[in-house]
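Residue numbers (this note's numbering): 441 to 835.
Remarks on the structure that follows.
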Ligand SMILES: Nc1ncnc2c1ncn2[C@@H]1O[C@H](COP(=O)(O)OP(=O)(O)OP(=O)(O)O)[C@@H](O)[C@H]1O
Ligand SMILES: [Mg+2]
């Protein structure tokens, strides 16, 4: 009979897998010393009863923004002062009202009950500030807030009215386009200061992974070259530390499944395919049906190469022509007994697929069928097709 002891001792590779999770915050954050110091400097006036400047933290995904801010919050929490930092994940707290309620609740538990109007919450905020309190709200993924201009306006007004205390905004974002969409007044108010988090280089990722592996893996169970490879692959793609950790964890799992004692390069290569596929399926699975049909059409055609370019002998770098994709889209709709939508909608689907990074489109240069759009799939066509096929046709 199987025994639990046997299962417990099964782990030959991982010592503590939770250390490798992206939710784990390591004791030190190498290569972010400068950003952390700058952040502390900007926030330090709050310890002397002065209002810190508003701040925006910008950097690509997995560049350590969230964990750096959390580290600073931890340090700030140790200080004695009439000041408090509040962390809000704006995917969840995505409106002015929710942010007010969540923040003020820490001072007045009775606000837990819903039903207080915004004016009431605003008065409560003023009461807290008027006692000289310094409040700093960290708005992580600030671009997710639906009424951000209203929020910034209200907080700015509260600051003006409060006289003694103050409220500062620390916005975090990984969207470059976010700044342009802001109202000019909100922009100048939010962008008083900016801290940039650059993506990690291969050498930096290597050090980060080494640090984590020491705690996460059994000693001697991972080849140094495997760590280097994971770092190099990640640096080439994005510099995203979260991706690098995922890659290494998956490599460990694969090695363990294969009853190996040591993770090597081949496990990292295998993990890369698996992680990429996971990321693609995550995105595809959440797409509405019509988008998936368009994607299915693109993937199917990509597997055979563009018909038009073959006919006309054009070298086109794996691009498809919008017209042939649309034809294929109608065909797929028919085989699914779905009514295909108009061209206008079709273009909208293409737009959204491009926004999600699934495809790239470019206007054709002169000569190719007048003016048309060229479409290219971002991922492996066979992988994408397998996913859409399963979702659409159930096979
Ligand atoms: N300098 C670092 N040292 C060690 N681990 C790091 C470092 N930077 C990031 N990480 C790891 O990567 C994970 C992702 O980082 P973090 O969540 O801070 O990224 P982010 O910049 O907030 O990304 P996003 O824009 O997607 O929210 C962290 O939880 C941490 O495990
Ligand atoms: Mg983050």
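Cβ atoms here follow ideal geometry from the backbone N, Cα and C, with glycine treated the same way.
Assign residue 526 to one of three DSSP states: helix, strand, or coil. If DSSP states are grouped into helix, strand and coil, residue 526 belongs with the strands.
Would you kindly work out how many angstroms separate the C-alpha atoms of residue 727 and residue 773, rounded to a whole number? 16 Å
Residue 471, DSSP secondary structure in three states: coil
Inspect the beta-carbon positions of residue 815 and residue 760 and report whether they are closer than 9 Å. yes
Is the beta carbon of residue 558 less than 9 Å from the beta carbon of residue 536? yes
Environment of ligand 2 in chain order, Cβ to heavy atom below 6 Å: Cβ atoms closer than 6 Å to ligand 2 belong to 505, 506 and 580.
Quick one: grab the DSSP three-state call for residue 777. coil
Which of helix, strand or coil DSSP assigns to residue 797: Of the three classes helix, strand and coil, the one that applies to residue 797 here is coil, per DSSP.
Closest Cα partner of residue 613 within the set 744, 603, 638 and 624: 638
At the level of alpha carbons, what is the spacing between residue 847 and residue 574? The question about residue 847 has no answer, for the chain in this structure spans 441 to 835.
Cutting at 8 Å between CB atoms, please list the residues of its own chain near residue 470, excluding the five before and the five after it. 644, 647, 648 and 651
Could you check if residue 675 belongs to the surroundings of ligand 1, using beta carbon to heavy atom distance under 8 Å? no
Between which residues of its own chain and residue 794 is the CB-CB distance below 6 Å, once the five residues before and five after are set aside? Close CB contacts of residue 794 within its chain, under the 6 Å cut and outside five residues either way in sequence, are with 801 (chain order).
Are residue 687 and residue 670 touching if we call contact CB-CB under 9 Å? yes
Assumed close pair residue 452, residue 740 - CB separation to whole angstroms, cut-off 8 Å: Rounded, the Cβ-Cβ distance is 43 Å, inconsistent with contact.
Could you tell me the alpha carbon to alpha carbon distance between residue 703 and residue 695, rounded to whole angstroms? 6 Å
Residue nearest to residue 778 in terms of C-alpha spacing, selected from 460, 593, 569 and 730: 730
Closer than 6 Å by C-beta to residue 569: which residues in its own chain qualify, once you throw out the five before and the five after it? Chain order, please. 602 and 605
How is the beta strand (DSSP E) around residue 580 delimited, first residue to last? 574-580
Judging by CA-CA distance, which residue of 733, 705 and 699 is the nearest neighbour of residue 454? 699
Under the DSSP definition of a beta bridge, which residues are partnered with residue 634? Answer is 496.
In this structure, does DSSP put residue 546 in helix, strand or coil? coil
Indicate, with yes or no, if ligand 1 has a heavy atom lying under 8 Å from the CB of residue 638. No, the Cβ of residue 638 stays beyond 8 Å of every heavy atom of ligand 1.
Residue 715 and residue 666 - do their beta-carbons sit closer together than 9 Å? For the 9 Å CB-CB criterion, residue 666 and residue 715 do not form a contact.
In terms of DSSP beta bridges, what is residue 816 paired with? 800
I'd like to check one pair, residue 508 with residue 410: are the Cβ atoms closer than 9 Å? Given that the chain is displayed from residue 441 to residue 835, the structure contains no residue 410 and the question cannot be resolved.
Following the continuous beta strand (DSSP E) through residue 758, name the residue where it begins and the one where it ends. That residue, residue 758, is in no beta strand (DSSP E); it is neither H nor E in DSSP.
Could you give the DSSP three-state label for residue 532: helix, strand or coil? Of the three classes helix, strand and coil, the one that applies to residue 532 here is coil, per DSSP.
Tell me where the alpha helix (DSSP H) around residue 733 begins and ends. 729-744
Compute the minimum distance between the beta carbon of residue 670 and the heavy atoms of ligand 4, and state whether it is under 8 Å. Inclusion of ligand 4 in the displayed structure is not the case, the ligand content consisting of ligand 1 and ligand 2 alone.
For the alpha helix (DSSP H) containing residue 694, list its first residue and its last residue. Membership of residue 694 in the alpha helix (DSSP H) is indicated by the continuous run 681-697.
Cβ neighbour criterion (16 or more within 10 Å) applied to residue 657: The residue in question, residue 657, is buried, as its Cβ has 16 or more Cβ neighbours within 10 Å.
How far does the alpha helix (DSSP H) with residue 656 in it extend, from its first residue to its last? Annotation: the continuous alpha helix (DSSP H) that includes residue 656 extends over 642-656.
With contact counted as at least three CB pairs below 8 Å, one residue from each stretch, are the region 493-507 and the region 677-686 in contact? yes
Could you compute how far the alpha carbon of residue 617 sits from the alpha carbon of residue 462? 26 Å
Assuming residue 762 and residue 812 make a contact with CB atoms under 8 Å, what is their CB distance in whole Å? Rounded, the Cβ-Cβ distance is 5 Å, consistent with contact.
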